[in-house]
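Let me begin by presenting the structure, written as C-alpha cells, before commenting on it.
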Amino acid sequence: MTQEPRPAPRRAPTEEEAKALASAIRLRILRLCFKEQLTNKEIATRLGANPATVLYHVRKLVATGFVEAQEARSGPSGAYEVPYLATEKSWRLEQDGHDLDVRQAVIGAFVDEMGQVPASEEVLISRLAVQLTKEGHDRFLERVMGILEEIKAEETDEEADSTRYSIFLAVHPEKGSGPVRG
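Okay, structure coming up:
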C-alpha cells in the first residue's frame, strides 16, 4: 500500500519574509495571483490601487520568493507585460500570530476580501468559545491543521466545475483568560 506524500514541515519565516507578509495589500496580491497569472496592471485594477504602489509591493513579494515572474508576453496595446504567479510559499511558513504587524495584515486582508463577497453568496461564519486544557488545545490545533493540509492536497487545477474558496481561521485565548485556579 502506497502512502500519501507528507507535506514539507513548516518553518518560521525569516525577518524579510515576515516583513513581506506584514501588509494586507501584499496578502491580497498573493490571493489574487493564486492559480492565476496577473500583470501588475491587472493586479492594480482588481485592487483598485495605483499601479506604481502595486509594483512596489509585487517587487517585495518577488524578492522574498512569494511571487514569481512568469514568461513575458505582449499586452493588448503591444506593450511588454510580465505576469506574476504566487508560489504558495506562504502556506509552508509557520505563522504563530506573535508578530502583531502580520496579525493585523492578515485580519485586514480578510476584512477587505469579505467586503467584496456579494450578499447573495453563501458564507459560513462561526464563533465559539471553549475552555480547553493545554493538551486539548494542542490536539484541536493538530486536527484543524490536518484538515487544512488534507483540503490543500485535494485541491484541483481544473477550472471547470470548481470554485475557489478562502478560509480564515483564528484561534486565540480570550483576554485575561488562563488556567482556572481552584
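This note's numbering puts the first residue of the sequence shown at 9, with every later residue one more than the last.
No residue lacks a Cβ here, since even glycine has one placed at the ideal position from N, Cα and C.
Quick one: residues in its chain with C-beta nearer than 7 Å to the C-beta of residue i, no 5 flanking neighbours on either side, listed in chain order?
i   : result
S98 : L29, L38, F74
L40 : L46, I51, R54
A80 : Y88, E89, V90
L63 : N48
Please work out which residues of its chain come closer than 6 Å, Cβ to Cβ, to residue i, disregarding the five sequence neighbours upstream and downstream, and give them in chain order.
i  : result
M9 : Per-residue confidence for M9 stands at a pLDDT of 49, beneath the threshold of 50, marking its modelled position as unreliable; no derived number is given.
Are residue i and residue j closer than 8 Å when you measure CB to CB?
i    : j    : result
A71  : V90  : no
R19  : L101 : yes
I115 : H65  : no
A192 : L35  : Outside the displayed span of the chain (9 to 190) sits residue 192, for which this structure offers no information.
Can you list, in chain order, the residues of its chain whose CB lies under 8 Å from that of residue i, leaving out five sequence neighbours each side?
i    : result
V131 : M122, V125
G186 : none
E96  : F42
Per DSSP, what are the beta-bridge partners of residue i in this structure?
i    : result
S194 : The structure shown does not extend to residue 194, since the chain spans only 9 to 190, so no value can be given for it.
A77  : Y92
T204 : This structure leaves residue 204 out entirely; the chain is present only between 9 and 190.
P101 : Before going further, note that residue 101 is Leu rather than Pro in the sequence given. DSSP lists R19 as partners of L101.
Figure out for me which residue from the options has the closest Cα to the Cα of residue i.
i    : options               : result
E163 : S128, K43, E150       : K43
R111 : A178, S185, T22       : A178
F176 : G56, V119, Y92        : V119
E25  : N48, L63, L69, P17    : L69
T22  : D107, N58, Y88        : D107
I133 : E182, P59, S174, L149 : S174
L149 : S170, R172, P181, A60 : P181
E129 : D165, T171, S85       : T171
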